[in-house]
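As structure tokens, the structure follows; a few thoughts come after it.
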Amino acid sequence: AERSNLMGQLLLASCKQRLGKKVEALAAYEAGLLLDKHNIAALVNGGIVLKDLGRREEAVAKLNAAIRVKPDVPEAHYNLADVLYSMGDVAGARKAVKEARRSGKLLTQAYTLEILMLEEQGNNEEALRVCREAVKRTGDRFSFLYQQGRVLRTLGRFLEAEESFRKCVEEEETRKNVAAHRVAYAHNEYGHLLSQLGRKEEALKQWERSVEVDPSFAQGWVNMVSGDLSKTNMQETISMYKKALELKPDLVEAWINLGQTYYNNFRSDPRFMPQALASYRRALEVAPDSSSALYSYVRTCVDLCRWEDWDENFDKVAQRMKRDMREGTLLSSSISLVYLLVYPIPDHVLCSAYAARAAQVQL
Numbered sequence: 001a002e003r004s005n006l007m008g009q010l011l012l013a014s015c016k017q018r019l020g021k022k023v024e025a026l027a028a029y030e031a032g033l034l035l036d037k038h039n040i041a042a043l044v045n046g047g048i049v050l051k052d053l054g055r056r057e058e059a060v061a062k063l064n065a066a067i068r069v070k071p072d073v074p075e076a077h078y079n080l081a082d083v084l085y086s087m088g089d090v091a092g093a094r095k096a097v098k099e100a101r102r103s104g105k106l107l108t109q110a111y112t113l114e115i116l117m118l119e120e121q122g123n124n125e126e127a128l129r130v131c132r133e134a135v136k137r138t139g140d141r142f143s144f145l146y147q148q149g150r151v152l153r154t155l156g157r158f159l160e161a162e163e164s165f166r167k168c169v170e171e172e173e174t175r176k177n178v179a180a181h182r183v184a185y186a187h188n189e190y191g192h193l194l195s196q197l198g199r200k201e202e203a204l205k206q207w208e209r210s211v212e213v214d215p216s217f218a219q220g221w222v223n224m225v226s227g228d229l230s231k232t233n234m235q236e237t238i239s240m241y242k243k244a245l246e247l248k249p250d251l252v253e254a255w256i257n258l259g260q261t262y263y264n265n266f267r268s269d270p271r272f273m274p275q276a277l278a279s280y281r282r283a284l285e286v287a288p289d290s291s292s293a294l295y296s297y298v299r300t301c302v303d304l305c306r307w308e309d310w311d312e313n314f315d316k317v318a319q320r321m322k323r324d325m326r327e328g329t330l331l332s333s334s335i336s337l338v339y340l341l342v343y344p345i346p347d348h349v350l351c352s353a354y355a356a357r358a359a360q361v362q363l
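Take a look at the structure:
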């Protein structure tokens with residue numbers, strides 16, 4: 001009866017976990033551990049739920065308990081590595097991820113996590129070595145040729161990176177077994193590399209391919225129109241950015257580019273300038289730390305003589321410029337705002353200087 005009760009608790013916990021009811025799942029796993037404190041399924045899954053709930057120290061304790069009971073469970077080591085890494089214990093995480101790989105299971109997940117850790121540490125040469133090992137050991141050529149391409153690009157080895165991306169997207173297994181959104185993302189990254197190499201036409205083909213593979217891939221629609229504006233008229237450009245935003249409403253690049261399209265074409269339709277302002281405002285809501293969105297929004301406020309918005313954002317623009325200059329990331333779009341920050345131009349002069357332009361927009 002006790003055994004039956006234990007299995008019932010574990011089944012209940014598993015169902016709750018799959019339904020996303022994490023607190024209830026944890027309670028059921030804990031109830032199972034009261035019946036058998038060494039039950040490996042309850043310990044490992046309880047640790048995973050604690051990790052998902054953000055209770056990281058408890059998750060570490062639970063997963064370590066599982067490892068003490070049964071040292072060769074790769075799920076315990078992998079999830080321990082994941083939570084230790086999130087806590088900043090890189091050495092502990094790397095040790096755990098290597099233990100996860102030892103069993104030969106969860107190889108793709110374990111290798112992926114290790115590559116991520118190495119990249120974030122700036123140890124890209126070691127990340128490349130792990131990528132190549134993973135290509136050989138896992139059989140998941142798509143995932144690790146893709147990872148290898150990214151690392152090679154970071155290292156500045158562009159021709160080798162191109163070869164990795166090309167093999168990745170041309171793999172027969174890729175076309176058969178890999179989810180469409182992952183293949184689309186690989187075409188996207190391949191396109192960015194080709195664009196970086198100045199091969200715009202080839203890059204555009206990769207971005208077109210990304211939306212052929214997965215029409216719901218929002219970034220692909222943005223890249224297609226941004227990659228060659230000469231091939232689309234204004235309405236097509238606006239339509240494609242809007243399509244991307246329907247698919248992914250928080251895609252800040254699409255909001256900024258849509259705003260820029262309105263801004264660049266306001267002379268053909270004065271209503272475009274307020275629409276540009278609305279697009280930039282939405283970009284700021286999505287990504288408050290985006291310098292491009294902030295500078296574009298404030299510039300448009302000035303063009304529309306919305307001085308209350310300028311006053312509200314004055315200090316923010318000044319501080320952002322200082323930060324961007326310090327970090328070497330100052331955008332050219334900020335330069336048009338510098339004179340407003342530096343020179344003590346009286347408000348009435350500014351108003352008269354921009355009145356004509358504002359009148360054009362508001363006709």
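Read in the UniProt record's numbering, the sequence shown has 70 at position 70, and its numbers run on one by one without any break. For each residue, glycine too, the CB sits at the ideal point set by N, CA and C.
Cβ-based neighbour list, residue i, same chain, cut-off 6 Å, excluding 5 preceding and 5 following
i: Asn64; result: none
i: Leu277; result: Thr300
i: Ala76; result: Val44, Leu63, Ala66 and Ile67
i: Asp36; result: Leu6
i: Phe272; result: Tyr262, Asn265 and Phe266
i: Met240; result: Trp221 and Val225
i: Thr237; result: Val225 and Thr261
Of the residues the options, the one placed nearest residue i, counting alpha carbons only
i: Arg182; options: Leu194, Leu145 and Leu152; result: Leu145
i: Arg94; options: Asp72, Lys105, Gln121 and Gln196; result: Gln121
i: Ala110; options: Arg271, Val49, Thr237 and Asp140; result: Asp140
i: Glu285; options: Gly47, Ile256, Ala42 and Leu53; result: Ile256
i: Gly156; options: Leu34, Gln196 and Ala179; result: Gln196
i: Phe165; options: Ala179, Gln148 and Thr154; result: Gln148
i: Trp310; options: Leu304, Asp303, Gln319 and Val298; result: Val298
i: Asp315; options: Leu294, Leu204, Val97 and Asn264; result: Leu294
i: Ala127; options: Lys136, Thr138, Leu113 and Arg137; result: Leu113
i: Arg209; options: Ser216, Leu193, Lys200 and Ala184; result: Ala184
i: Pro74; options: Glu236, Glu24, Lys105 and Trp307; result: Lys105
i: Ile125; options: Thr138, Thr154 and Val135; result: In the sequence on display, residue 125 carries Glu and not Ile. It is Thr154 whose Cα lies nearest to the Cα of Glu125.
Residue i in three-state terms, based on DSSP
i: Phe266; result: coil
i: Lys22; result: helix
i: His77; result: helix
i: Leu10; result: helix
i: Ala233; result: The sequence shown places Asn at residue 233, not Ala. It is coil, neither helix nor strand.
i: Asp89; result: coil
i: Ser164; result: helix
i: residue 450; result: In the structure as shown, the chain starts at 1 and stops at 363, and residue 450 therefore has no counterpart that could be examined.
i: Leu204; result: helix
i: Arg68; result: helix
i: Ala127; result: helix
i: Lys105; result: coil
i: Tyr343; result: Low confidence applies to Tyr343: its pLDDT is 47, below 50, so where it sits in the model is not reliable, and the reading given next is rough at best. Residue state, collapsed to three classes: coil.
i: Phe217; result: coil
i: Thr138; result: helix
i: Thr112; result: helix
i: Asp36; result: coil
i: Arg199; result: coil
i: Arg56; result: helix
i: Arg132; result: helix
i: Gln17; result: helix
i: Arg94; result: helix
i: Arg209; result: helix
i: Arg326; result: helix
Cut-off 8 Å between Cβ atoms - residues of its own chain near residue i, not counting five sequence neighbours on either side
i: Trp207; result: His187, Asn188, Gly191, Gly220, Asn223, Met224 and Gly227
i: Ser290; result: Val252, Ile256, Ala283 and Leu284
i: Lys248; result: Ala218, Gln219 and Ala254
i: Pro344; result: Because the pLDDT at Pro344 is just 46, under 50, the model does not fix this residue reliably, and the value given afterwards should be weighed accordingly. For Pro344, where only same-chain residues beyond five positions count, there are no Cβ hits under 8 Å.
Own chain partners of residue i with C-beta closer than 7 Å, once the 5 adjacent residues on each side are dropped
i: Gln275; result: Tyr262
i: Asp52; result: Lys22
i: Tyr29; result: Ala13, Ala42, Asn45, Gly46 and Val49
i: Leu116; result: none
i: Gly259; result: Ala276, Ser279, Tyr280, Ala283 and Ser296
i: Cys131; result: Ile115, Phe144, Gln147, Gln148 and Val151
Residue i: first and last residue of the uninterrupted alpha helix (DSSP H) it sits in
i: Gln196; result: Ala180 to Gln196
i: Gln121; result: Note, Gln121: premise wrong, no alpha helix (DSSP H); not H, not E.
i: Asp52; result: Ile40 to Asp52
i: Ser143; result: Arg141 to Thr154
**Request:** Go through the region 247-324 residue by residue and report every complete run of the alpha helix (DSSP H) that reaches 4 residues or more, in order.
**Result:** 252-264, 272-286 and 291-303
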